[in-house]
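First comes the structure, then the notes that go with it.
Numbering (full-length UniProt numbering), first residue to last: 1 to 1030.
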């Protein structure tokens, strides 16, 4: 069968559609937001494929695998095993990294265990196990002439050691070296008892120029290791080619210019002066994996030593997390102008008992300060006692509710900080732990420096780098490292297969456009698009064939420069013999597909139809296809006729978080600013990790941790900072657009004010399906009854009592304009607009929802069924409905996710509405249609990872396209060249001629000075084609 045939699909809003998808081809499903794309791809095709696979397993296995609901479809034929690659973030587990998720780190651990070289963490000396034969071979290679073999037996220890030396004499050893001098063991050696001494046994003197002496040297090394516990010191003249200072194969080497020789008489000789030619060296060898200086031993290297999730490898201080939660003094006492009596100790306000205040009063009395004294006026000693505890016993007089003294005790004051640490470690209450965590901050572990591993694991190196050094490289840098790392022939032989797997997996990651990521990066910080592309790279590595892959907008978060890499990857998967079904809005991906299915024509109840299907060329020619109209250029997003300018800025200077290179960000206030740049260039770090928390601290006095920066300056005050993301508008199925936009509160008020409700005494609460009274108690206001099925998915059936309306019979008898409360919740936004046309509050809010293209959603539609784009636009409408202050900063991260060209057009209109109210709107975006409509662009780069982190261009789109350093500029120019400017609809009052000022930008782009006609009381700067209005 050459096609995947779907017949009679009715899941969600699908209108009994039938469609054929060619197998072994790349098919893109596109259409406006809410038209049924994801329903067809994921909830129908993938769900059925997964369900059939799980049903083929035994009932025992099925109970461990979540069985998906059977989709509402007549039949699907030609279905292959299905794999879904969605946008969900890989893991919120703080232990998950890109390396662990991709499993590349497992190969890293194996590689370091097999060919890594351990060094002493303290002395940085190489630790290597060498047999006596190996030591003898090295000595013959590295020395010439006579060498002396020593066995160290005392190292930096006090004592006279007369008995030890006497015992050595009895064992047949005739000479020892004590503190550098040679003595006979049968002579009296006077050592000071309380001084540190070094004692070495002189094992033998051997001529290494004589090959016949090799066996004698091996025997000497065996004796030395036996007496010393594994160490051998060899002293002599280095081989001639070693005189240039090249490193020996021993564990350590020291140069001795005036060496003590052993004379024939056997007595200790005095040191004689020598020339540079007499330089001797002493090299340490070891038969054990131990440091020759401190004796730190290493067990045989195993992969588990390099796992931060194992006790064998994890840092003992942070348990492998790399971070620690610690109490912050400034959070425990945030306002030091307050006194103890005013509740200066914030942690005591929340949940600790009332006796704490009496303890503090006793401390104040003992150390002679008043509870009314501001904290900032305490002496250093008084503050330290309060915070860290007392070294004197204090008399505590305790009373119930501030009354008479009930008991007296004398004890030390524990201190606020130690007390909080103790309570946090001892409590078993989740509530108390959460309350205490409000006064804690996350900081880098001081023991491991945030590297997660213990000292031993971090001291194992390949080419001078430990395993964390390698994981902190970007994927691109790692590829170069493993291609060029110098290895011996033996290491190459051992590591050949491991390196092959590592190189292949790293190249897969680079192919899908995430070469800027490091394997050390926490998986929870990845965007949905990055997480999806990581999974995509893993699938490429699996080399499966005959599989149906279902993907959800893999181009999200990807710069146009990297788009072709992604498309090539999708084609590679297809060419392996797989079928790809991709939900996508990206023009490049649509045009590159073998087959396109355009869903629509509208969204929600007006969607669910296959409007057009065929090759991209056929779609482009179909007049019924909205996608085709945009692809052909018959529909387009126009450039704005004017651009806003401002001489008032938000200035964030000295940003150095992650890869930021001490950048200064300037955002013109009251404008629509887009932050663009290649993936990994530092956009999110600059805006969300630094600017957002910095603004929250400044405006809302938040305790959010901000990325490193020097200063934040606002030319005019800001009253609110709001992030509008694509997260669901509610966490439960009971949340819906009516409740989120506060319309439902007014609707309930209206129903409670009807004549019937007043007669019955119904208050607004009667019309809530969340509380007892008006809701149906059989289903508790859900409208559905859940029936659990063993080994089958749970079944939800309509509540027989209320027939799915959520309310009881009495509540439904109250009508407004002939409709019950349940019927209102079942209305679309468009229907509700007509129903409530005489209620301005409701009508205006519904009108705003309609303006952003959401007139098709139902008021009572569960928030969990809304797409990300729909949720975001509902949030935007709530902001548009608020009373404008003109001093709000809005931040949006890739708001075009999940949006069709037509939806993007509406989104831009909404963003302009927000900006026209005087607000500052900051958007991180790759979508060129949004970028070209911005008033101001901040472009970051030039590359991703360490090669990024700079602001390389700023200005209007017309200015940006002239910048040769910007990757964004080249693609933006192509888009702007195809775009037309919107016509100005402003009235034409009396005009005057003004001359636009020449501006100098960071990018050194030039703006021509021209004369233009402009309405009076407006200042306009002409830049390229678009006028810039202030």
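Every residue gets a Cβ at the ideal spot worked out from N, C-alpha and C, and that includes glycine.
Which term fits residue i, buried or exposed, when burial requires 16 or more other beta carbons within 10 angstroms of its beta carbon?
i	result
residue 704	exposed
residue 651	exposed
residue 559	buried
residue 263	Confidence in residue 263 is poor, its pLDDT being 42 and thus under 50, which makes the residue's placement unreliable; the coordinate value appears in the next sentence. Label assigned to residue 263: exposed.
residue 620	buried
residue 376	exposed
residue 15	exposed
residue 398	exposed
residue 225	buried
residue 2	exposed
residue 627	buried
residue 343	exposed
residue 757	buried
residue 11	buried
residue 976	buried
residue 1003	Confidence at residue 1003 is low in this model, with a pLDDT of 36, below 50, so the placement of that residue should be treated as unreliable; the coordinate-derived value is given next. So residue 1003 counts as buried.
Should residue i and residue j be called a contact, given that it needs their Cβ atoms to be closer than 8 Å?
i	j	result
residue 852	residue 873	yes
residue 385	residue 363	yes
residue 591	residue 41	no
residue 1034	residue 944	Outside the displayed span of the chain (1 to 1030) sits residue 1034, for which this structure offers no information.
residue 600	residue 583	no
residue 468	residue 98	no
residue 936	residue 554	no
residue 184	residue 177	no
residue 680	residue 812	no
residue 672	residue 899	no
residue 318	residue 156	no
residue 932	residue 639	yes
residue 135	residue 208	no
For the candidate residues the options, whose alpha-carbon lies nearest to that of residue i?
i	options	result
residue 724	892, 759 and 113	892
residue 300	308, 288, 309 and 294	288
residue 194	161, 176, 226 and 173	161
residue 313	198, 360 and 109	109
residue 916	171, 643 and 521	643
residue 340	553, 383 and 199	383
residue 440	458, 324 and 372	324
residue 532	545, 546, 547 and 513	513
residue 502	883, 523, 846 and 479	479
residue 83	775, 552 and 647	552
residue 215	114, 816, 181 and 132	132
residue 328	420, 686, 310 and 407	420
residue 682	657, 697 and 692	657
residue 147	519, 413 and 203	203
residue 290	130, 660 and 445	130
residue 515	561, 595 and 494	561
residue 646	918, 208, 302 and 563	918
residue 186	196, 445, 166 and 31	166
residue 472	485, 522, 637 and 144	522
residue 19	648, 417 and 6	6
What residues match up with residue i in a beta bridge as DSSP calls it?
i	result
residue 796	786
residue 327	440
residue 713	651
residue 197	157
residue 22	3
residue 468	DSSP output for residue 468 lists no bridge partner at all.
residue 890	722 and 921
residue 950	941
Under 8 Å, Cβ to Cβ, is there at least one residue of chain C near residue i?
i	result
residue 411	In the structure shown, chain C cannot be found, because there is only a single protein chain.
#### Entry: Segments of 3+ residues assigned as beta strand (DSSP E) that fall wholly inside the region 199-238
231-238
### Task
For the region 564-652, list the beta strand (DSSP E) runs that are entirely contained and at least 3 residues long, ordered along the chain.
579-583, 595-600, 609-614 and 642-644
### Whole beta strand (DSSP E) elements within the region 393-424, 3-residue minimum
393-399 and 405-412
### Length at least 4, wholly inside the region 507-546: the alpha helix (DSSP H) runs in chain order
Listed in chain order, they are 528-542.
### Query
Taking only runs of the alpha helix (DSSP H) that begin and end inside the region 336-366, which ones reach a length of at least 4 residues, in chain order?
346-350 and 355-366
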